[in-house]
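As they're listed, the protein sequences go chains H and Y.
Counting from 316, one number per residue, gives the positions in the first sequence under this note's numbering.
Counting from 325, one number per residue, gives the positions in the second sequence under this note's numbering.
This report concerns only the one structure given below.
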Amino acid sequence: MPVLTYKRMPYLKAYIHILAIMPLVYLGLAINADALGGDPVQAVIHFLGKGALNLLLATLAISPLAKRYKEGLLISTRRLVGLYCFFYATLHLVAFAWLDLGWDLGLFLQELIKRPYIWLGMVAFIILLLLALTSPMCVRRKMQRNWQKLHNFIYLAAVLTPVHYYLSVKSGWIEPIIYAFLVILLLSSRRK
Amino acid sequence: MISIWEVNQAGNGMIIKCKKKSQASENDVVAEPVYQQRRQFLKQLGLAGVGLAAASPAQASIFDIFDSGKKKAHSQAFVQSPLKFIGSKDYADGEIWTPEKKVLSHNNFYEFGTAKTDPQKNAQNFKVEPWTLTITGAVEKEITLGYDDLFKVADLEERIYRMRCVEAWSMVIPWIGFSLAEIIKKANPTSKAKYVAFETLYDPQQMPGQASSYLGGNLDWPYVEGLRMDEAMHPLTILSVGTFGKTLAPQNGAPIRLVVPWKYGFKGIKSIVKIHLLEKEPPTTWNRLAAREYGFYANVNPAVDHPRWSQASERRIGNGSVFSSKRIKTLAFNGYDEEVASLYQGMDLKRYI
């Protein structure tokens, strides 16, 4: 018998909300206490970016876990986790455009065109945006088979983001490599 | 290697004072190979902690849970002593200084970890006394300096410089130090001295980033930097022994570091143990890792972007909080073009990055 029942699902979803919001509370407190080191702008941007990447991996882990443990209802949390991933990615982008670039649109476009890591990140963000926009049930029904086709693009986003991470840091490839490895693991678990 | 004793006996007018014998540390009075052997022996016994700092927090393991009280006793902050200096020159056009707290907590010093806050966390037990800095190579007189000598090479002066990191952030820092030229002149460079190489201490026991490639970002140790001779002799190039009126904090490169204000910060090698004059351009750490991204010259240049990010502007780390961060235009040679542009006349600075 599966552990998850319809009755228990609201509790699980409440946990997910708390888990996903807690890091933002921490970030808010850390900003307020000036505890993010000498360059808090970079710290905030990285924190949010890593949060989005972690949630992207969590989203991808849900269906293999549901299959492995025969917990069919787990699948119904995937949209929630995916939307939190989009939320973090949005905050990450806003933090970059606001705190770092000071809403300088010209500079933003310049950076976008010239830097591979920024347009890789932007492509991943646009994918997440499209997935978020098409996530309501009514849209999903209307799109029929195209919905799945569109939502398969999450795999592209999952491949692009560790590369985006790797290219954005001066040195230190170990963490991006770990992320890339996890992505490969999650993608290969889907092969029949 | 000529020791400081012999240099003084030679009566060459060095102002470097000789230590009293009672103050001399073991490595001053014992021949170098013997000293190294003894250290190696202590290391093998697992006793390298004798006279050295205890395990740093970065090496903390799960077992520390059991002696957290003991650990606390070791993680006392490094003590910076007040430092006297003659005169203060502002080379940053009156710009607001970066708060000391941020200069101490935002560092690239991969020997103590790659995260910006790692060096402050992991360097507090760093031992700077005794210290040995040698000046060797294409010189007529090799020089060996002990810890106290570092502060007596020349009159100490405060210099307020802009510091521009290759990662596109910047600070304004009041350094205390002396022109590198002062010490090089004392060594009497020969005609073969075309470049100057610098080397950071290699001591994985004290520097956890050298022991772990995860913590240290996989650089080749020891850290090596270099300058062309005319850059090294330029009056703006200093060896710094202090900041904010005190001796340097370990995360800023105690006890002695290089500051070249018109170059990207990674040229400012920290915790120097060796200065070596040579005929050829020395291979330098970041340049070896990624030559396309980090050139040997590394002059601050808003017209030449890093392959992965723009160098046209920079985030100034000042007084403000996260919401008042300021992005300013990067200046050619970090604003020191009047003083140094002539060094590079006729050189294509898009090529010689």
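Where a beta carbon is used, it is the ideal one built from N, C-alpha and C, also for glycine.
It should be emphasised that the depicted structure is a prediction, and the values quoted were computed from it without experimental measurement.
Bridge partners - residue i, DSSP secondary structure assignment
i	result
Ala521 of chain Y	Y:Gly550 and Y:His600
Ile467 of chain Y	Y:Ile459
Val583 of chain Y	Y:Ile562
Asp414 of chain Y	Y:Ile484
His630 of chain Y	Y:Trp633
Gly644 of chain Y	DSSP, once it has assigned bridges, lists no residue as partnering Gly644 of chain Y.
Glu638 of chain Y	Y:Ile652
Asn623 of chain Y	Y:Lys587
Met531 of chain Y	None; Met531 of chain Y has no bridge partner.
Met495 of chain Y	Y:Met487
Lys322 of chain H	Paired residues: none, contrary to the question.
Ser503 of chain Y	Y:Ile562
Thr405 of chain H	Beta-bridge pairing links Thr405 of chain H to no other residue.
Sub-8 Å separation of residue i and residue j beta-carbons
i	j	result
Tyr588 of chain Y	Leu551 of chain Y	no
Phe647 of chain Y	Trp586 of chain Y	no
Ala410 of chain H	Ile360 of chain H	yes
Arg632 of chain Y	Leu368 of chain H	no
Tyr547 of chain Y	Glu435 of chain Y	yes
His466 of chain H	Leu446 of chain H	yes
Arg488 of chain Y	Val624 of chain Y	yes
Ser637 of chain Y	Lys653 of chain Y	yes
Ala439 of chain Y	Gln575 of chain Y	no
Leu539 of chain Y	Leu613 of chain Y	no
Ala627 of chain Y	Phe590 of chain Y	no
Ile593 of chain Y	Glu549 of chain Y	yes
Thr422 of chain Y	Gly642 of chain Y	yes
Val427 of chain Y	Ile484 of chain Y	no
Lys425 of chain Y	Glu482 of chain Y	no
Ala556 of chain Y	Leu474 of chain Y	no
Gly364 of chain H	Arg651 of chain Y	no
Thr567 of chain Y	Ile500 of chain Y	yes
Residues near residue i in its chain [Cβ-Cβ closer than 7 Å; skip 5 each side]
i	result
Val474 of chain H	Val498
Ala329 of chain H	none
Gly362 of chain H	Correcting the residue identity first, residue 362 of chain H is Phe in this sequence and not Gly. So the qualifying residues of the chain are Leu342.
Leu352 of chain H	Here residue 352 of chain H is Gly; the residue named in the question, Leu, does not match the sequence. Counting only Cβ-Cβ distances below 7 Å, and skipping sequence neighbours, we find Ala358.
Glu506 of chain Y	Val477 and Ala478
Leu331 of chain H	According to the sequence as given, residue 331 of chain H is Ile; it is not Leu. Contacts found: Thr392, Leu395 and Val396.
Ala495 of chain H	Pro477
Ser649 of chain Y	Arg639
Val358 of chain Y	Only weak support is given to the placement of Val358 of chain Y: the predicted model assigns it a pLDDT of 42, under 50, and the value that follows is read from those uncertain coordinates. For Val358 of chain Y, where only same-chain residues beyond five positions count, there are no Cβ hits under 7 Å.
Sequence-distant residues of the same chain with beta carbon closer than 6 Å to residue i, five excluded per side
i	result
Gln404 of chain Y	Lys570, Thr571 and Ala573
Arg394 of chain H	Ser450
Lys604 of chain Y	none
Ala345 of chain H	Leu351
Val452 of chain Y	Ala578 and Pro579
Tyr480 of chain H	Pro491
Asn431 of chain Y	Pro443 and Gln575
Ile489 of chain H	none
Ile433 of chain H	Glu426 and Leu427
Beta-carbon proximity list for residue i, same chain, < 8 Å, skipping 5 on both sides
i	result
Leu380 of chain H	Glu386 and Leu389
heavy atom of the ligand COA below 7 Å from residue i C-beta
i	result
Phe401 of chain H	In the structure on display, the ligand COA does not appear, and there are no ligands present to speak of.
Worksheet entry | Residues of the region 473-500 of chain Y whose Cβ lies closer than 7 Å to any Cβ of chain H, in chain order | Glu491 and Trp493
Worksheet entry | Residues within the region 523-545 of chain Y neighbouring chain H, beta-carbon criterion of under 8 Å | Ser537, Tyr538, Gly541, Asn542 and Leu543
Discussion item. Can you pull out the residues from the region 423-434 of chain H whose beta carbon lies closer than 9 Å to at least one beta carbon of chain Y?
Written reply: Gln425, Glu426, Lys429, Arg430, Pro431, Tyr432 and Ile433
Discussion item. Please list, in chain order, the residues of the region 403-414 of chain H that have any C-beta partner in chain Y closer than 7 Å.
Written reply: Leu414
Fill in: Residues from the region 336-356 of chain H in contact with chain Y, defined by Cβ distance under 8 Å
Ile346, Asp349, Leu351, Gly352, Gly353, Asp354, Pro355 and Val356
Fill in: Contacting positions in the region 438-455 of chain H - beta carbon closer than 8 Å to chain Y
none
Worksheet item: At a Cβ cut of 9 Å, what residues of the region 423-441 of chain Y count as close to chain H, listed as they run along the chain?
Response: Pro423, Lys425, Lys426, Val427, Leu428, Ser429, His430, Asn431, Asn432, Tyr434, Thr438, Ala439, Lys440 and Thr441
Discussion item. If the cut-off is 9 Å on Cβ atoms, which residues from the region 652-671 of chain Y count as contacting chain H, listed in chain order?
Written reply: none
Practice prompt. Go through the region 416-445 of chain H residue by residue and report every complete run of the alpha helix (DSSP H) that reaches 4 residues or more, in order.
Written response: 420-429
Discussion item. If we require 3 or more residues per run, which beta strand (DSSP E) segments fall completely within the region 328-388 of chain H?
Written reply: none
Fill in: Contact list for the region 619-635 of chain Y against chain H, Cβ threshold 8 Å
Asp629, Arg632, Trp633 and Ser634
Item to complete: Identify each residue in the region 601-618 of chain Y for which the Cβ-Cβ distance to at least one residue of chain H is less than 7 Å, and report them in chain order.
Response: Leu613
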